[in-house]
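Chemist:
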Amino acid sequence: MNVALVKNDSGPAASSLLSAAWGRLPGTGKVADIRREAFSAFERTGLPHRRIEEWKYTDLRALMREVLPLAGAPDAAALARAKAVLASVAVDGARKLVLVDGVFVAELSDISAFEDGVKVRTLREALQSAGSERLLETTVNDAMVLLNGALATDGVLISVADGAKLSHPLQIIHIATASQASRASRSHLSVGNGAQATLIESAIAADGASGYQANDAVVVSLGDDAALSTIRLMRDGSDAVNITSARYEVGARSKLNLFNMTTGGAVSRLQGFITLKGEGSELIINGVNLLRDKQHGDLTLVVDHAVPGCTSRENFRAVLDDRAHSVFQGRIIVRPHAQKTDGKMMTRALLLSDEAEADSKPELEIFADDVSCGHGATAGALDDSLLFYLQARGLPEKQAQALLIQAFVGEAIEAIEDDSLRERVIAAAQDWMEARA
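FYI, our numbering numbers position 363 of the sequence shown as 367, with every residue one higher than the one before it.
1. May I have the straight-line CA-CA distance separating R280 from I336, to the nearest angstrom?
2. Give the straight-line distance between the Cα atoms of G276 and G291, rounded to the nearest whole angstrom.
3. Alpha carbons only, please: which of A130, L155, A134 is nearest the one belonging to T142?
4. Report yes if the CB atom of L324 is closer than 8 Å to the CB atom of A360, and no otherwise.
5. Could you tell me the distance, in whole angstroms, from the CA atom of G476 to the CA atom of A432?
6. Our contact map puts A210 next to R85 with C-beta atoms below 8 Å; I'd like the distance itself, whole angstroms only.
7. Along the chain, where does the alpha helix (DSSP H) that runs through K87 open and close?
8. For I56, which of helix, strand or coil comes out of DSSP?
9. Exposed or buried, what is S364 when buried is set at 16 or more other beta-carbons lying within 10 Å of its beta-carbon?
10. Which same chain residues, not among the five before or five after E369, have their C-beta less than 8 Å away from its C-beta?
11. Work out the CA separation of L305 and G378 for me, nearest whole Å.
12. Do you know how far the Cα of T351 is from the Cα of D302?
13. In whole angstroms, give me the CA-to-CA distance for Q259 and D166.
14. Buried or exposed: which applies to M5, given that a residue is buried once 16 or more other Cβ atoms fall within 10 Å of its Cβ?
15. Between the alpha carbons of A404 and L226, how many angstroms are there, rounded?
16. Starting from F392 and walking both ways along the alpha helix (DSSP H), at which residues does that stretch end?
17. Considering only residues of the same chain and omitting the five flanking positions on each side of A250, which have a CB-CB separation below 6 Å?
18. Using DSSP with H/G/I as helix, E/B as strand and the rest coil, what is Q434?
19. Between the alpha carbons of V71 and R239, how many angstroms are there, rounded?
20. Check G313 in the structure and name its three-state DSSP category.
21. Here's the rule: buried if 16 or more other CB atoms are within 10 angstroms of the residue's CB, otherwise exposed. What is G50?
22. Considering just the uninterrupted stretch of the beta strand (DSSP E) at R125, what are its terminal residues?
23. Measuring CA to CA, which of A328, R54, L237, D374 is closest to S357?
24. Who are the near neighbours of A52 in its chain, counting only those whose CB is closer than 8 Å to its CB and skipping five residues on each side?
25. Quick one: measure Cβ to Cβ for R236 and M265, integer angstroms, because I've assumed they're closer than 8 Å.
26. So, with DSSP's three-state summary, where would you put F298?
27. Can you find the residues in the same chain that come closer than 7 Å, C-beta to C-beta, to V107, ignoring five residues on each side of it along the sequence?
28. Quick check: W436 and T267, are their CB atoms within less than 8 Å of each other?
29. Sort out for me which residues DSSP pairs R99 with in a bridge.
30. Using CA atoms only, rank isn't needed, just tell me which of Q395, P366, L391, V254 is closest to A381.
31. Are there 16 or more other CB atoms within 10 angstroms of the CB of Q434, so buried, or fewer, so exposed?
32. Using a 10 Å radius around the Cβ and a threshold of 16 neighbouring Cβ atoms, would you call E318 buried or exposed?
33. I'd like to check one pair, D228 with A256: are the Cβ atoms closer than 8 Å?
34. Bridge partners of S191, per DSSP?
35. Could you round the C-beta distance between V164 and G196 to whole angstroms and report it? I think they count as a contact, below 8 Å.
36. What runs of the alpha helix (DSSP H), each 4 residues or longer, lie entirely inside the region 109 to 162?
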């Protein structure tokens, strides 16, 4: 198949990587057309840079420079290395869906253990069917979303039937085994009317994986009277780049509870586009970035109150050591007819070093008059008086700092409803703090 390419500003390897990958990207006909159009749109803008307002604080042209070639399908050695780290990230009781270098791996997944009401297919399989081009469509004009649409190799499609109430979480696990390579995956989750589910998303690097780039996407829809808790635990390799784009649509009287914690990766960004499209829906988002060295972590959220009577709460905490850089961008949009909207967002940063940096950019776009919306942002160091109080009672300085940091992030973590998952997140945060000692 011939691929028309144009000059781009996304690095010298961008055009050649599409040409090299084209023969093994699933889908033909309209799917191929969607890929071609998405890549052409990406080529026109190239990698996002600081002159694009949404990427002002995360300049990928400087941080990433170019898109690396897609990783090949994992071989036996790669699968063995993936299996070796799987236990460290898998959550007890969760039904695992494992992607290695962006490719679904059935032998590492729990494909025979799903509960009634759950159906799972792979994106690769689905893209062979007529009408599947919608699975790659992009509704957001964003360069990385477009690139994902062009290059998505695989992913999982999960459907939870109306009324199903899952007793076991679903867990999508991304494992990187390749070095100096990229991956692109796209997964879809549909939660039916009256259904309840928990989704865990995890990312980790196998031993020997370095310098990789992840461009993953997830598309989630909730029906009416549904509930979904999503927990993301990101532990990418220390020199990895992870850009994840997530789109959520929430039905009437439904509840979406999101939690994201990033401790790994050199550069990470979660960009979430959430539409509250059913009246009476509720959104709760909590996030924690624990960063050190020169890590760069970005949480960018666009919450669209499209109908009346919806509630959103955003609460983000960042703890930054050394020369780490954290970014929070939050935009709340209230449509003209979305009266009785109640939206709040708050971001707080704790700077443990004079060289650490925190940027916050909350925005409100309100086109209705009967609403309650607000935002706040703070940044500061540890409270010296509290630190002195703890040290005066015999605690070493690092231990005293750890207690105060734990209290700082605790409010965000406490929003996780499942006790065992909350304890797991607390343990991960404690591991990060102990590593400072």
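Positions of the beta carbon are idealized from the N, C-alpha and C atoms, including for glycine.
Bear in mind the structure is a predicted one, so any value in this text is a computation, not a measurement.
Modeler: Per the coordinate set shown:
1. Strictly speaking, residue 280 in this sequence is Leu, with Arg absent from that position. Straight-line Cα distance between these residues: approximately 11 Å.
2. 12 Å
3. L155
4. yes
5. This structure cannot settle anything about residue 476, because the visible part of the chain is limited to 5 through 441.
6. 4 Å
7. 80 to 93
8. coil
9. buried
10. R335, I336, I337, V338
11. 15 Å
12. 12 Å
13. In the sequence on display, residue 259 carries Lys and not Gln. Going from the Cα of K259 to the Cα of D166 covers about 15 Å.
14. Unreliable positioning characterises M5 in this predicted model, as indicated by a pLDDT of 39, which lies under 50. The coordinate reading is nonetheless provided below. Its Cβ having fewer than 16 others within 10 Å, M5 is exposed.
15. 43 Å
16. 388 to 396
17. V222, G276
18. helix
19. 21 Å
20. coil
21. buried
22. 122 to 126
23. A328
24. Just to set this straight, residue 52 is Pro in the shown sequence, not Ala. Counting only Cβ-Cβ distances below 8 Å, and skipping sequence neighbours, we find E58, W59, T62, D63, L64, R65, D146, A147, M148.
25. 7 Å
26. Note on identity: in this sequence residue 298 is Lys, with Phe being the wrong assignment. K298: coil per DSSP, three-state reduction.
27. A77, P78, T157, D158
28. yes
29. L174
30. P366
31. exposed
32. buried
33. yes
34. V222
35. 6 Å
36. 127 to 130, 147 to 155
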